[in-house]
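Undergrad:
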Amino acid sequence: MSTEEAHSSAEIAARVERRWATVAVIIIVAMALLAAFAGIHRATMPQPRVEITDPSRLHLSGEFVESNLGSVLEANGNVTVRAIGQQYSFTPACIVVPADTPITLRATSADVVHGILIQGTNVNTMLVPGYISEQLMRFTNTGDYLMPCQEFCSFGHEGMWGKVKVIDKTEFADRAKGGGRLSCVGQ
Ligand code: CUA
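Taking our numbering, the leading residue of the sequence shown gets 1069, the next gets one more, and so forth.
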């Protein structure tokens, strides 16, 4: 082997080594990005766990029987709202909640896929029959918010509207004193 040949094979070896080092770095970076994405994605998704329910038996027993729908003040001061969507209305059609309070919305569908969107907020979730959708929300201002169905659910879709009424915290506590489930239907 001449000196020139030895020199060029050392160059080739260095080039191959650089190439493999680059590939290794790309793989490591890709794996780190994947791990970061999976972590962030899970933390930001509204439903990191799946809860199921039987849509054909909602009205018979369990969490979504009619007498359990509406808003309830929990012992820790938080509020839980339970609602169902069906062609073509929400029950309750008017949801009443207090301002400045952590609220958990739990909802499902009795028939086809619907969606709940509260205008002017980032509350937006799908109601899929068989699954319970849970979303956390909090309102700073009192007032009325429109709540249209945001998922095409057949010919009556455009008429499927609900309302969220945010009232003063103390007023809500007053109304919750009697126990039971609160709504603002007919108000
Ligand atoms: Cu329900 Cu669209």
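Every residue gets a Cβ at the ideal spot worked out from N, C-alpha and C, and that includes glycine.
Look at the Cβ atom of A1175, then the Cβ atom of L1204, and state whether they are nearer than 7 Å.
TA: To locate residue 1175, count along the sequence shown from 1; it is residue 107. To locate residue 1204, count along the sequence shown from 1; it is residue 136. No, they are not a contact pair.
Undergrad: Buried or exposed for P1166, going by 16 or more other Cβ atoms inside 10 Å?
TA: Along the sequence shown, read from residue 1 onward, the residue named residue 1166 stands at position 98. Answer is buried; the Cβ neighbour count reaches 16.
Undergrad: Can you say whether H1109 is buried or exposed, counting buried as having 16 or more other CB atoms within 10 angstroms of its CB?
TA: Here the question's residue 1109 lines up with position 41 in the sequence shown. H1109 should be labelled exposed.
Undergrad: Would the beta-carbon of E1219 be found less than 6 Å away from any heavy atom of ligand 1?
TA: Looking up residue 1219 in the sequence shown gives position 151. Checking the Cβ of E1219 against ligand 1 gives yes.
Undergrad: Could you have a look at M1099 and say whether DSSP puts it in helix, strand or coil?
TA: In the sequence shown, residue 1099 corresponds to position 31, counting from 1. Three-state result, M1099: helix.
Undergrad: Report yes if the CB atom of L1141 is closer than 7 Å to the CB atom of F1132, and no otherwise.
TA: For the purposes of this step, residue 1141 is identified with residue 73 of the sequence shown, where counting begins at 1. For the purposes of this step, residue 1132 is identified with residue 64 of the sequence shown, where counting begins at 1. No, the Cβ-Cβ distance between L1141 and F1132 is not below 7 Å.
Undergrad: Within 10 angstroms of its Cβ, does Q1255 collect 16 or more other Cβ (buried), or is it exposed?
TA: Counting from one through the sequence shown, the residue named residue 1255 turns up at place 187. With fewer than 16 Cβ atoms within 10 Å of its Cβ, Q1255 is classed as exposed.
Undergrad: With burial defined as no fewer than 16 other Cβ atoms inside 10 Å of the residue's Cβ, what is the status of V1164: buried or exposed?
TA: The sequence position of residue 1164 within the sequence shown is 96, counting from 1. Classification of V1164: buried, given that the 10 Å Cβ count is 16 or more.
Undergrad: When every heavy atom of ligand 1 is checked, does at least one fall within less than 6 Å of the C-beta of H1109?
TA: On the sequence shown, position 41 is the one that residue 1109 refers to. No - ligand 1 has no heavy atom lying nearer than 6 Å to the Cβ of H1109.
Undergrad: Among the candidates N1136, E1079, V1234, E1219, whose CA atom is the shortest distance from the CA of L1185?
TA: Taking the first residue of the sequence shown as 1, we reach residue 1185 at position 117. Nearest C-alpha to L1185: E1219.
Undergrad: Just the C-alpha distance for Y1156 and A1106, rounded to the nearest angstrom, thanks.
TA: Along the sequence shown, one-based indexing puts residue 1156 at 88. Along the sequence shown, one-based indexing puts residue 1106 at 38. Computed Cα separation, rounded: 36 Å.
Undergrad: Counting only runs that start and end within the segment 1161 to 1200, where is the alpha helix (DSSP H) found for 4 or more residues in a row?
TA: Counting whole runs of 4 or more residues, the segment 1161 to 1200 contains no alpha helix (DSSP H) stretch at all.
Undergrad: Report the three-state DSSP secondary structure of K1237 (helix, strand or coil).
TA: For the purposes of this step, residue 1237 is taken as the residue at position 169 of the sequence shown. Three-state result, K1237: helix.
Undergrad: Is T1148 helix, strand or coil by DSSP?
TA: Residue 1148 sits at position 80 when you count from the first residue of the sequence shown. In the structure shown, T1148 sits in a strand (DSSP, three-state: E or B).
Undergrad: Would F1207 be called buried (16 or more neighbouring beta carbons within 10 Å of its own) or exposed?
TA: In the sequence shown, the residue the question calls residue 1207 occupies position 139. Per the 10 Å Cβ criterion, buried.
Undergrad: Going by CA-CA distance only, name the one from P1160, I1080, T1071, V1180 that's closest to L1173.
TA: As a first step, residue 1173 must be located in the sequence shown, where it is residue number 105. Closest option to L1173, Cα to Cα, is P1160.
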